[in-house]
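Some notes on the structure that comes next.
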């Protein structure tokens, strides 16, 4: 499997596309005016302590106060966590790191357990522990990495070495590359340590890398053959970063000067547009319906036009298998997080159920975000979670429709007509008028003059006043006004 990373840069935004075998798998967007803050370190001020929630609100200089739970401050774990009022008090300065961007009406999520990621590892200044990514399964490789870190730490001779977590990218990495990473994160930590001593509260102490550079740190792996950047200025910055920290991938960098927009190479613009739609078509003729709400995301699998060749159970199994692969891709592409409920088509055969779940798990192994399949409920629904740190593609690119207020539905023209009749009756009882003028959309006025014309005539007789109509081109179907003349 080959991968390619395309980076599209404009003054307003940076967009990154991860393409596997010519198919878009992930897209990341960072707007210049609304950069994400995950990974940033702030010196904040505690503004409110909530004993009932075991949490506190911290002012880090944003419009909304950020949220921190007692477990993210305490050195203890589980039930042993101290009461929040014993850990912090109002007005206290607190050095914190953002773990989740503000999403919707919720403020940012924080932790005091700071960490600094680099190419191969994550440095934890306050935790003397070496961990290794669970995705590195070879025990011999895990032991090799432990010994390399121990040797590097000893060679550096630092009294307080802190701890490290070896990332998946460290698999097969050379000792000198890991040592370079350790030196880099330690230098960075020394700068942050000095800054937090002199900074006021609230203030920003450390800002995470821009999306273009973060992409190299987080997404590049041995399968990535090319990294194409369409901005010469950004290409030069990335080249400098790579020379200092990732010299092994210099030959994969490429400045793309083509007249054809870089995202047109693999039809990425069309894919992004499709990723905003509810319905996802499957090659077999079936389809997915994806609904994103504040509480959770639901995914419904339907057979659609696919009827199979042998029997119904085979049809259902084939559709579900294809859906499992499509769902894993859509989760990455749309950056969906939190609780996810999948309603596969009901399967009678338990072996088929296991195979579909296994297919989903296997496809999710390539996901950079942490996922966890909890199992199948009594109703046959698959429950899973996917770590949410940044806004989904839908949240970045769209807003609630002003006509339906995000409901995705609107009242029928018939319903609006009957509302108008009731409003005219209310007005006739409350005020004396010579006539009434109804201002509404074209579809509603058409219905009033056609299907409802008999009801309009009856109403005019009842209130003993004429009713006139006027089309307002800018009104949505649910909007109307009744004006007294």
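In the UniProt record's numbering, the protein residues as written are 1 to 485.
Ideal Cβ placement from N, Cα and C applies to all residues, glycine included.
>> Contact defined as beta carbons within less than 8 Å: I believe residue 28 pairs with residue 16. What is the distance between those atoms, to the nearest angstrom?
In response: With 8 Å as the limit, residue 28 and residue 16 qualify as a contact, their Cβ atoms being about 4 Å apart.
> Taking the Cβ atom as the reference point for each residue, do residue 65 and residue 107 lie within a distance shorter than 7 Å?
Replying inline: Yes, the pair counts as a contact, with Cβ atoms nearer than the cut-off.
>> Assuming the contact rule is C-beta atoms closer than 8 Å, residue 110 and residue 72 should be a hit. Round their C-beta distance to whole Å, please.
In response: Contact holds; Cβ gap of about 7 Å.
> On the three-state DSSP scale, how would you describe residue 166?
Replying inline: Strand at residue 166.
>> Measuring only the C-alpha atoms, how far is residue 415 from residue 365?
In response: Residue 415 and residue 365 have their C-alpha atoms roughly 49 Å apart.
> Under a three-way DSSP split, which group does residue 57 fall into?
Replying inline: Look at residue 57 here: in three-state DSSP terms it is strand.
> Taking the alpha carbon of residue 487 as the point to measure from, which residue in 69, 344, 311 has its own alpha carbon closest?
Replying inline: Look at the range of the chain in this structure, 1 to 485, and you will see that residue 487 is not part of it.
> Roughly how many angstroms lie between the CA atoms of residue 261 and residue 9, to the nearest whole one?
Replying inline: Looking at the backbone, the Cα of residue 261 and that of residue 9 are separated by about 11 Å.
>> So, does the region 428-443 touch the region 392-405, judging by three or more C-beta pairs under 8 Å?
In response: Contact between the region 428-443 and the region 392-405 is absent, because fewer than three Cβ pairs lie under 8 Å.
> When the Cα of residue 215 is compared with those of 67, 456, 228, which residue comes out closest?
Replying inline: Per the Cα distances, 228.
> Nearest-angstrom Cα distance between residue 475 and residue 34?
Replying inline: Their backbone Cα atoms lie some 32 Å apart in a straight line.
> How close, in whole Å, do the beta carbons of residue 44 and residue 202 come, if the pair is a contact with beta carbons under 8 Å?
Replying inline: Indeed they touch by this definition, with Cβ atoms about 5 Å apart.
> Can you list the alpha helix (DSSP H) stretches of 4 or more residues lying completely in the region 41-108, in chain order?
Replying inline: Every unbroken stretch of the alpha helix (DSSP H) spanning 4 or more residues and falling wholly within the region 41-108 is given here in chain order: 84-87.
> Given a threshold of 16 other Cβ atoms within 10 Å of its Cβ, counted over all protein chains shown, does residue 98 qualify as buried or as exposed?
Replying inline: Buried is the call here.
>> On the DSSP letters alone, give me the boundaries of the alpha helix (DSSP H) that residue 291 sits inside.
In response: From DSSP, residue 291 is part of no alpha helix (DSSP H) but of the beta strand (DSSP E) over 287-292.
> residue 332: buried (16+ other C-beta within 10 angstroms of its C-beta) or exposed?
Replying inline: When all chains shown are included, residue 332 counts as buried.
> For residue 468, which residues of its own chain have a beta-carbon under 8 Å away from its beta-carbon, when the five flanking residues on both sides are left out?
Replying inline: Here the set comprises 435, 436, 437, 438, 485.
> Using the C-alpha atoms, what's the distance from residue 56 back to residue 63?
Replying inline: Rounded to whole angstroms, the separation of the alpha carbons of residue 56 and residue 63 is 16 Å.
>> So within the region 408-482, which uninterrupted alpha helix (DSSP H) runs reach at least 4 residues, ignoring any that extend past its ends?
In response: Runs of alpha helix (DSSP H) with 4 or more residues, each lying fully within the region 408-482, are found at 413-430, 442-449, 453-463, listed in chain order.
> Which two residues bound the contiguous beta strand (DSSP E) that contains residue 392?
Replying inline: For residue 392, no beta strand (DSSP E) segment is defined, and its DSSP state is neither H nor E.
> Hey, quick one: how far does the beta strand (DSSP E) through residue 6 stretch, first residue to last?
Replying inline: Taken as a continuous stretch (DSSP letters only), the beta strand (DSSP E) holding residue 6 covers 3-9.
> Where does residue 100 land, buried or exposed, given buried means 16+ other C-beta within 10 angstroms?
Replying inline: Flag for residue 100 reads buried.
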